[in-house]
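Here's the structure, in structure tokens; my notes come after.
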Amino acid sequence: MHIEPICLNDSQFYSINSFPTISDKLYTYPEICVVYEKSFQFKFTGILVINDIPVIVFPKNYKLPMESKDIIDQAGTLIRVFLRYRNEPIHELDENTYLFGDKNNNNSRITTAIRIMEDYRMYGYLHRELVISSTTRKGRIDWAATVNKTIPTVNHNRVVYDAPIIRCSMVDNENIVYKLHRYVISQCIKMWGWLFGINLSNEMEYEKLPCPITEAIFSLKAELRNVYVQREINVINMLISYLTAESGCEKKYNKEILGTQYFNIIWESICGYLFNNKYSVLSSLVPQPEWESKIVSGRISQRPDVFAVDEKRLYILDAKYYNFKLNLPGWHDVVKQLFYRHTVILNLRKKRGIKLLPKDTEVKNAFLFPGDEDEVLQYIGRVFVNEIDDLGEVKAFAINQKMAMQTYAYRDNDNYRKQLLKELGKNV
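According to the numbering used here, the sequence shown is numbered sequentially starting from 844.
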């Protein structure tokens, strides 16, 4: 058996009576969970472990499926979105507390457990072997020991060793590294087995920590000095990280948090991956406004979310993480996109300097919202300034959020990404 996760949504209200432990443990964290008199509401997306129960908080407006299996699959996708996003090169400072943890929140037991489970599913336990001598097991004959320790017989003028000594290897079940790996795997399966479809066997259920955690960590660090296989180095480091976090968790009131209050930033990264963001290469196409003053100094920067290039088109994409059925981009967002396009076109037409794109490149604008429709790219509408054609327009589209997160999390489905760009080209 394993623990089933609790799956909730960001910004949705839940009864305290239905989830008393969650509200009790998080009432001192109003920045991620607001607790009212009879209800509570997350202002956060991510994964929490409360009293050893995993709680998955999906993004706001995310449409949870009806089937338990589908919910678990999509919870796994969300977890892997965060595991990938943590490895992105740049993060906002405000994200770090719950994305990477701090002195009050060590979330490495969550992240390490997933990596340990993935390794275990592919390669199994770390084994240490004993070499033994036997006359009954199968293996290679140890001729030196056989000649020195056994008495041969003579048969047809030939020397025959009827009971040769065999050298063979067997798993050392008492090895401390093997025991610690088994213990950690059993703990990971109890909490995260649902994510991998692995049930806890009767044998695993009774795995015990073979020694105090401090002694276990010391033994693993000592083992590292004698290990040269990269996979073993990685696994031992993960075991050290997990046990260190487990020790800290016992002192931190059984609460671990991995996530963000700023899923809109992650949505930007998702859209950037889906459309193969080229902004880092083409950023010089975007001129920066400058202040000239003898009294004050200041800088203004303009930075589009995503630059997507397809043949002779440049798409300036703005990732918007909210419900387009309730809210639409306002004046600031629309004017910003129109100005991006205007200044990029002027830069492209300049005769001087290095040409990153052809002068006749067509520049188009679009907003990208999360959606739940099955179609690849749902056209929502467009915004423009009437009778001012030179400014162009900004079209709005919704991308199936489940498919977008899955593609980002697993770095797969290039055909889907190509199809998105193709559909964008048809509609912009």
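Where is the CB? At the ideal position from N, CA and C, for every residue including glycine.
In this structure, ILE1009 places its C-beta atom within 9 Å of the C-beta atom of LYS981.
In the three-state reduction of the DSSP assignment, SER1029 falls in the helix class. Excluding residues up to 5 positions away in sequence, ARG952, GLN1030, ILE1056 lie with their Cβ nearer than 8 Å to the Cβ of GLU1089 in the same chain.
In the three-state reduction of the DSSP assignment, THR996 falls in the strand class, which pools E and B. TYR1222 is bridged by DSSP to PHE1240. Per DSSP, the beta bridge partners of ASN852 are PHE901.
Per the C-alpha coordinates, the member of TYR1071, LEU1067, VAL1072 positioned closest to LEU1082 is LEU1067. Bridge partners of LYS1207 according to DSSP: TYR1158. Contact annotation, GLY1235 with ARG1184: C-beta distance approximately 5 Å; criterion of less than 8 Å satisfied. At a Cβ-Cβ threshold of 9 Å, GLN1244 and GLY1214 count as neighbours. LYS1098 carries a strand assignment under DSSP once its states are collapsed to helix, strand and coil. Just so you know, the alpha carbons of PRO932 and ASP945 end up roughly 19 Å apart. In this structure, the straight-line span from the alpha carbon of ASN1042 to that of THR1250 is close to 27 Å. For PHE1106, the enclosing alpha helix (DSSP H) covers residues 1106-1117. Residue environment for TYR941: buried (at least 16 other C-beta atoms within 10 angstroms of its C-beta).
Within the DSSP secondary-structure output, ASN948 pairs in a beta bridge with ASP945. Using a 10 angstroms sphere on the CB of LYS1207, the tally of other CB atoms reaches 16 or more, which defines it as buried. Annotation for VAL1178: the continuous alpha helix (DSSP H) segment containing it runs 1174-1192.
Taking each of TYR966, ASN1120, TYR1116, ILE1109 in turn and checking the Cα distance to GLU1075, the smallest one comes out for TYR966.
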